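*Asks:* Read top to bottom, the protein sequences are chains A and B.
Here our numbering is used: the first residue of the first sequence is 13, the next is one more, and so on.
Here our numbering is used: the first residue of the second sequence is 13, the next is one more, and so on.
2 protein chains.
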Amino acid sequence: MVFTTSEENYIKSIFHLQQETGLVNTNSLAAEMHTRPASVTDMLKKLKSKKLLQYEKYKGFKLNEAGKKAALDIVRKHRLWEFFLVEKLKFDWDKVHPIAEELEHISGDELIQRLDDFLGNPSFDPHGDPIPDKNGKVPVIKQQSLSEIPFKKNVTVSSVSNQTAQMLDMLKHYCIAIGTQLMVLKKFDFDGSLEIKVSKQNACIISEQVAKNVFVHDVQ
Amino acid sequence: MVFTTSEENYIKSIFHLQQETGLVNTNSLAAEMHTRPASVTDMLKKLKSKKLLQYEKYKGFKLNEAGKKAALDIVRKHRLWEFFLVEKLKFDWDKVHPIAEELEHISGDELIQRLDDFLGNPSFDPHGDPIPDKNGKVPVIKQQSLSEIPFKKNVTVSSVSNQTAQMLDMLKHYCIAIGTQLMVLKKFDFDGSLEIKVSKQNACIISEQVAKNVFVHDVQ
DNA sequence: TTATATTTTTAGTTTTGTCTAAATTTTATT
DNA sequence: AATAAAATTTAGACAAAACTAAAAATATAA
């Protein structure tokens, strides 16, 4: 099954919303996509006729299994291209989203399989988000906010929930990236800031706000 | 200046045709693009209004300087992506054209500049066609058909004019690719076939038809 | 429970790029 | 030069994907 760029963008956004709310409604999808509710209704009819959507007029909607598989294919492409852009072309991670947004619509299973192999079949993209495999299977990882980690425990940075240029700038300054090893040494109760050791080297202090946005998992 | 995919495809095809015939006519462009003459006329008006085209009704047309620069930008993208697909993703060269046809429409100067650097700023694509630089400058190389090369002269394969799967299959069998070093040893006047040495190793015999399609340049 | 507000859908329009069929212009032929 | 043929353009239509405005359905509140 092959989709237009517009259909793919709708599928992706519905998938994103339904992961949070279960059933999606017209207005929220219109807001997410910066379009009008009437345009959403038009596309819902089209996606329903292609049997990707559970949808009853006025009742809300969600992707069925076929729709979810289609969404995961797009997410897979998006995240593999993001990985390529950061790892191979050396883009900063806060610059790659709009480019991957275009690349994800390039068709061809062989292309994406070869790209996957070329990149070494990565499981997580540069933001720490999981990359579904070609069957739509999504790797899972038990992760916690850095602010909840006990002292002196070695952990690895797995993702960052605030992916703005400002956050990237801070993390670069601290030499923190996805995959970096950290250890929490001390918490200052005054403002909740943490003293941490980065990559077994320098110790430094990060604010509670930063800590809450950095997610880590056990060192394997 | 940013163009739609459709505009870019017209620009590219006009560029291709005008390199051969100077002035292009409606029917030949329609044939090249597998579309109808009426559709061509519609797009010509659009490209003229964007000041990319010299065009007088019923008189034929060609790209002006701005149009040629736009065409070279697209050719540059196409050939860089082809290089990527063959060199990095290990596609056979006869499979990459349709994929590059999609990738060439991805926008973003930084993307293409980083891709260029990542690939090592190649001057020729996997088919031996020159890759324009970011200013639209096209590298030139003095090349001759293998059938015109004097005996015992060392030469390097620079391009192949017949880029079909059948030709690729033959060349693979002879271990000939772009960049391979060759030497012509003898010509058999009976059928015009040539005895050649490939990569200073094995000698073999290729037909006149193959030789005419293989282009070479001096070893630098 | 009726009235009001919100959400969603329908109806009709727009834009881009395509098409067919008809009209026009240019080229070729007798 | 007149006419036939070919090439090109115009006119009008259509599909996809968006929009606005209005109608319909659902949810909320007095």
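Ideal Cβ placement from N, Cα and C applies to all residues, glycine included.
Predicted model only: the values in this text are computed from it and were never measured.
By the three-class DSSP mapping on this structure, what secondary structure does A/Leu197 have?
*Replies:* If DSSP states are grouped into helix, strand and coil, A/Leu197 belongs with the strands.
*Asks:* Closer than 8 Å, CB to CB, is A/Arg126 near chain B or not?
*Replies:* Closer than 8 Å: yes.
*Asks:* For B/Phe103, I'd like the list of residues in its chain whose CB is within less than 7 Å of its CB, leaving aside the five on either flank, ordered along the chain.
*Replies:* Closer than 7 Å at Cβ, skipping near neighbours: Leu97.
*Asks:* Could you name the residues of chain A that B/Ser119 contacts, counting a contact when the two beta carbons are closer than 8 Å?
*Replies:* Simply Glu114.
*Asks:* Could you check if B/Asn133 is buried or exposed, using at least 16 other CB atoms within 10 Å of its CB as the buried criterion?
*Replies:* Classification for B/Asn133: exposed.
*Asks:* Could you give the C-beta distance for B/Val226 and B/Val172, rounded to a whole number, given that I count them as a contact under 8 Å?
*Replies:* With a Cβ gap of about 6 Å, B/Val226 and B/Val172 count as contacting.
*Asks:* Need the endpoints of the alpha helix (DSSP H) that B/Tyr22 sits in, please.
*Replies:* Looking at the DSSP string, the run of the alpha helix (DSSP H) that includes B/Tyr22 is 17–33.
*Asks:* Could you name the residues of chain A that B/Phe103 contacts, counting a contact when the two beta carbons are closer than 9 Å?
*Replies:* What B/Phe103 touches in chain A: Glu122, Leu123, Arg126.
*Asks:* Can you give me the C-alpha to C-alpha distance between A/Leu75 and A/Asp106, rounded to a whole angstrom?
*Replies:* C-alpha separation (whole angstroms): 29 Å.
*Asks:* Below 7 Å between beta carbons is the criterion; list the residues of the segment 69–95 of chain B that meet it against any residue of chain A, in chain order.
*Replies:* Answer set for the segment 69–95 of chain B: empty.
*Asks:* Would A/Glu207 pass as a contact of A/Ser159 if the rule is Cβ separation under 8 Å?
*Replies:* Cβ distance not < 8 Å, so A/Glu207 and A/Ser159 don't count as in contact.
*Asks:* Quick check: what's the CA-CA separation for B/Ile218 versus B/Asp145?
*Replies:* Roughly 35 Å separates the two Cα atoms.
*Asks:* Look at the alpha carbon of A/His139 and the alpha carbon of A/Gln175, and state the distance between them as a whole number of angstroms.
*Replies:* Whole-angstrom Cα-Cα distance: 7 Å.
*Asks:* When the Cβ atoms of the segment 106–115 of chain B are set against those of the segment 44–52 of chain B, are three or more pairs found closer than 8 Å?
*Replies:* They do not touch, by the three-pair rule.
*Asks:* From what residue to what residue does the beta strand (DSSP E) around B/His229 run?
*Replies:* From DSSP, the beta strand (DSSP E) with B/His229 extends over 226–230.
*Asks:* Could you pull the DSSP bridge partners for A/Lys63 from this structure?
*Replies:* DSSP, once it has assigned bridges, lists no residue as partnering A/Lys63.
*Asks:* Within a Cβ cutoff of 8 Å, which residues of the same chain sit near A/Ser25, ignoring the five residues on either side of it in sequence?
*Replies:* Counting only Cβ-Cβ distances below 8 Å, and skipping sequence neighbours, we find Leu41, Glu44, Met45.
*Asks:* How big is the Cα-Cα spacing for A/Leu127 and A/Val52?
*Replies:* Whole-angstrom Cα-Cα distance: 33 Å.
*Asks:* On the three-state DSSP scale, how would you describe B/Glu116?
*Replies:* Note: B/Glu116 maps to coil in three-state DSSP.
*Asks:* To which residues does DSSP link A/Asn166 through a beta bridge?
*Replies:* According to DSSP, which records beta bridges pairwise, A/Asn166 is partnered with A/Met195.
*Asks:* Of all the residues that make up the segment 124–148 of chain A, which are near chain B by a beta-carbon distance shorter than 7 Å?
*Replies:* Cβ contacts with chain B come from Arg126, Leu127, Phe130.
*Asks:* Mind pulling the chain A residues with CB within less than 7 Å of B/Lys100?
*Replies:* Those are Phe130, listed as they occur along chain A.
*Asks:* What would DSSP say about B/Glu68, mapped onto helix, strand or coil?
*Replies:* The answer is coil: DSSP assigns B/Glu68 none of H, G, I, E or B.
*Asks:* List, in chain order, every chain A residue whose beta-carbon is nearer than 7 Å to that of B/Ile111.
*Replies:* By Cβ distance, chain A contributes Gly120, Leu123.
*Asks:* Under the three-state reduction of DSSP, which class applies to B/Pro52: helix, strand or coil?
*Replies:* Residue 52 of chain B is actually Val in this sequence, not Pro. Reduced to three states, the DSSP call for B/Val52 is helix.
*Asks:* Would you list the residues sitting across from B/Phe96 in a DSSP beta bridge?
*Replies:* Partner(s): none; B/Phe96 has no beta bridge.
*Asks:* My output table needs one value for B/Ile153: the three-state DSSP class, helix, strand or coil.
*Replies:* Residue state, collapsed to three classes: coil.
*Asks:* So for A/Lys107, helix, strand or coil by DSSP?
*Replies:* Correct three-state label for A/Lys107: coil.
*Asks:* Is A/Ser159 helix, strand or coil when you go by DSSP?
*Replies:* It is helical.
*Asks:* Return the CA-CA distance between A/His117 and A/Val87, expressed in angstroms with no decimal places.
*Replies:* Those two C-alpha atoms are separated by around 10 Å.
*Asks:* Determine the direct distance from the alpha carbon of B/Val169 to that of A/Arg29, and round the result to whole angstroms.
*Replies:* The sequence given here places Leu at residue 29 of chain A; Arg does not occur at that position. So the two alpha carbons sit approximately 54 Å from each other.
*Asks:* According to DSSP, what are the bridge partners of B/Lys74?
*Replies:* DSSP output for B/Lys74 lists B/Gln66 as bridge partner(s).
*Asks:* Can you tell me whether A/His90 is buried or exposed? The criterion is at least 16 other CB atoms within 10 Å of its CB, across all chains shown.
*Replies:* A/His90 comes out buried.
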